[in-house]
Amino acid sequence: MADKALTDRELCKMAMKLGAAEAKPIKPSNVLVRDWVRLKCQFGCGGYGKTLTCPPYSPTPDQTRRVLGEYSRAILVRFAPPEEDTHRIMVKLEREAFLSGHYAAFGIAAGPCELCAECNLEECAHPRQARPSMESCGIDVYATVRRAGMQIIVVRKKSDIPRYFGLLLVA
Numbered sequence: 345m346a347d348k349a350l351t352d353r354e355l356c357k358m359a360m361k362l363g364a365a366e367a368k369p370i371k372p373s374n375v376l377v378r379d380w381v382r383l384k385c386q387f388g389c390g391g392y393g394k395t396l397t398c399p400p401y402s403p404t405p406d407q408t409r410r411v412l413g414e415y416s417r418a419i420l421v422r423f424a425p426p427e428e429d430t431h432r433i434m435v436k437l438e439r440e441a442f443l444s445g446h447y448a449a450f451g452i453a454a455g456p457c458e459l460c461a462e463c464n465l466e467e468c469a470h471p472r473q474a475r476p477s478m479e480s481c482g483i484d485v486y487a488t489v490r491r492a493g494m495q496i497i498v499v500r501k502k503s504d505i506p507r508y509f510g511l512l513l514v515a
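Sequential numbering from 345 applies to the sequence shown in this note's numbering.
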């Protein structure tokens, strides 16, 4: 089965086919995890503590660092607005990677999960589709994206177009 596993190039093409605007292979060691990122979730996001994919329920920065160390490859995926497709696309991309032989593939989305109107904090109603965001895991998205040679800006006014990113981890 491993000889049929999708290559990085094929995974990037698959991401684009699923609706991503851009996809690029990167090394997991180039994903920057910072402890302060979760503080921005806690003190600045109205979704803190409201979904199982957000802090304090999502992986901590320390957990994220350990998990990244278990992967040899990653695909950084950029989305065009609206960002609600990031979860759907990342789950589909993860599934395609899994079915091709990358059994440890894991997708990380952007922004809070919007699968349910209100999250049941006792038990996820959609565990096969729910994924944490890069930010909720402590990933410094701005630094990671820039390190990969992709563009990202701080949205300063309503006319600025935000860029959303996901990450596919591949062992």
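Glycine is no exception: its CB is placed at the ideal position from the N, C-alpha and C atoms.
> Which whole-angstrom value describes the C-beta separation of V514 and I419, a residue pair presumed to lie in contact below a C-beta threshold of 8 Å?
Replying inline: Contact between V514 and I419 holds: CB atoms are separated by about 7 Å, below the 8 Å threshold.
>> Please report the distance separating the alpha-carbon of G363 from that of F423.
In response: One C-alpha to the other measures close to 8 Å.
> In this structure, does DSSP put A364 in helix, strand or coil?
Replying inline: Three-state DSSP puts A364 in coil, outside helix and strand.
> Of the choices Y415, D406, A359, whose alpha-carbon is the least far from that of K436?
Replying inline: The residue with the shortest Cα to Cα distance from K436 is A359.
>> Let's test the definition: count the other Cβ atoms within 10 Å of the Cβ of C460 and tell me whether it reaches 16, buried, or not, exposed.
In response: Exposed, by the Cβ-count rule.
> Using DSSP with H/G/I as helix, E/B as strand and the rest coil, what is L513?
Replying inline: DSSP, read as helix, strand or coil, puts L513 in strand.
>> Can you find the residues in the same chain that come closer than 7 Å, C-beta to C-beta, to A441, ignoring five residues on each side of it along the sequence?
In response: Cβ within range, chain order: L350, L355, A449, L512, V514.
>> Using a Cβ-Cβ cutoff of less than 7 Å, which residues in the same chain neighbour Q386 once the five nearest sequence positions on both sides are dropped?
In response: The answer, listed in chain order, is Y392, P399.
> Taking just the CA atoms, how far does V499 sit from Y508?
Replying inline: If I take the Cα positions, the gap works out to 11 Å.
> Going by other Cβ atoms of all chains shown within 10 Å of its Cβ, with 16 needed for buried, is Y447 buried or exposed?
Replying inline: It counts as exposed.
> Which same chain residues, not among the five before or five after V375, have their C-beta less than 8 Å away from its C-beta?
Replying inline: The beta carbon of V375 is closer than 8 Å to those of L412, A418, I483, T488, L511 in its chain, skipping five residues each way along the sequence.
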